[in-house]
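Peer 1: Okay, here's the structure, questions in a sec.
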Amino acid sequence: MSTDLLHTRANGSWSLAMAEFNKWMFLKAYVERIDAVAEKRALKESEAWLSRTEAPSEYRETPLCKRWKSNPPTSDREWKFWIAIHQRHLFVPLSIRGSFYSDFPAFSAKSRQPDYELTRLFYEGLRRRAE
């Protein structure tokens, strides 16, 4: 591996570029480990969240929801990626999380609100996939 890829500073610490590379590698490894159990868990979590959460009166479409609508997952790999996005609540700090599933699945960076529409689309897609 070349030293250009590492982006190390003079003091030996990694730069932001290396941190982003590590985050990408972690996500890739995490997606590879998703199995049928994780898929069932995502289905149950989204169902539970939707059953106790009301749809917001005002809704602004998030970039993640736009991405889903423009290209819904079709392959196993794409579904694993979206399940990994759903599971991101495991990595959100407790101060933001509030209660167990309250942040499922995606936050708007500005409002820190859960995305109801994306959750609904995700649940419906997983339910169809499970049938």
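To convert a position in the sequence shown, counted from 1, into my numbering, add 153.
Every residue, glycine too, gets a C-beta built ideally from N, C-alpha and C.
Quick check on this structure: which residue in 235, 224, 212 has the alpha carbon closest to the alpha carbon of residue 267?
Peer 2: Nearest C-alpha to residue 267: 212.
Peer 1: Which value, in whole angstroms, describes the spacing of the CA atoms of residue 313 and residue 218?
Peer 2: Only positions 154 to 284 of the chain appear in this structure, which leaves residue 313 out of reach.
Peer 1: Between residue 280 and residue 169, is the Cβ-Cβ spacing less than 8 Å?
Peer 2: No, they are not a contact pair.
Peer 1: Please report the distance separating the alpha-carbon of residue 193 from that of residue 183.
Peer 2: One C-alpha to the other measures close to 16 Å.
Peer 1: Hey, residue 236 and residue 191 are a contact pair by Cβ (cut 8 Å); roughly how many whole angstroms apart?
Peer 2: Their Cβ separation, rounded to whole angstroms, is 6 Å, which keeps residue 236 and residue 191 in contact under 8 Å.
Peer 1: Please report the distance separating the alpha-carbon of residue 198 from that of residue 222.
Peer 2: For residue 198 and residue 222, the distance between alpha carbons rounds to 21 Å.
Peer 1: For residue 272, count neighbouring Cβ atoms within 10 angstroms of its own Cβ and tell me buried if that reaches 16, exposed if not.
Peer 2: The residue is buried, with at least 16 neighbouring Cβ atoms inside 10 Å.
Peer 1: Roughly how far, in whole angstroms, is the beta-carbon of residue 269 from the beta-carbon of residue 209, given that I think they are within contact range, below 8 Å?
Peer 2: Right, the Cβ-Cβ distance comes to about 6 Å (below 8 Å), so this counts as a contact.
Peer 1: Going by C-alpha distance, which of 205, 274, 232 is nearest residue 189?
Peer 2: The candidate whose alpha carbon is nearest that of residue 189 is 232.
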